[in-house]
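Enquirer: Sharing a structure here in structure tokens format.
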Amino acid sequence: MRLIASAALLGMAFNAMGVSNEETVVPLHAQINKPCLSLRTDDSSRITLPAEALRVLANNRPALPPNRQWLSEEDRLAYIAGNRARTLLVAARTAATSPEGCRELDLSAVPHDGHHLVAKMLESGEAAVTINGANSPTIRITKTDTQCERSFGIAKYFAADGTYLFFLTTCRRHHW
6 MRLIASAALL GMAFNAMGVS NEETVVPLHA QINKPCLSLR TDDSSRITLP AEALRVLANN
66 RPALPPNRQW LSEEDRLAYI AGNRARTLLV AARTAATSPE GCRELDLSAV PHDGHHLVAK
126 MLESGEAAVT INGANSPTIR ITKTDTQCER SFGIAKYFAA DGTYLFFLTT CRRHHW
């Protein structure tokens, strides 16, 4: 709870300093077909992702170039997304199956790098969110310090009813 309060206070402080901010509302799927991965953000909140989309990302990951010099930014980003999808799929292997038929685990059990793919899928509307079993038709995303003008950027994710889901550090500015 302290972490949530700290992120909220930091966001308010950045607003007062004139740092770049964005707010977006994204429509979500009412439900995700099986097979799926359901991530608990707390006792009553779930983010559900299509397992097939994760498999496609993981299977279509380009090979790492021997000299680590990517031919395109698209290949580099596909490699990162594929690694993140693999992270989620590996975490789901030992997860229990929910009553809805999804592999279910706590978001906190997913390595942090996987959270970025969860965020990307939410931002593109490829996910579903339920709060106390009820579908959230949209998600609200607030991004603070999007250009890392002060220190680091934060993206916070909320269900349509305002329920907080999670936050992500999106960039960091190093002050050496």
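First residue of the sequence shown: 6, per my numbering; consecutive thereafter. Virtual Cβ for every residue (Gly too), placed ideally from N, Cα, C. This structure is a prediction, so every number in the text was calculated from the model and none was measured.
(1) CB V31 to CB I144, shorter than 8 Å?
(2) Name the one or two DSSP bridge partners that S50 has.
(3) Below 8 Å, how does it come out for the stretch 40-55 and the stretch 124-137: are there three or more Cβ pairs, yes or no?
(4) What residue does the alpha helix (DSSP H) around E57 start on, and which one ends it?
(5) Please name the residue in T168, E27, G167 and T149 whose C-alpha comes closest to that of I159.
(6) Using a 10 Å radius around the Cβ and a threshold of 16 neighbouring Cβ atoms, would you call R89 buried or exposed?
(7) Rounded to the nearest angstrom, what separates D48 and P71 at their Cα positions?
(8) What span of residues does the beta strand (DSSP E) with V31 cover, start to end?
(9) Would you report the Cα separation of A35 and F157, rounded to the nearest angstrom?
Expert: Quick look at the numbers:
(1) yes
(2) I136
(3) yes
(4) A56 to N64
(5) T149
(6) buried
(7) 45 Å
(8) N26 to P32
(9) 33 Å
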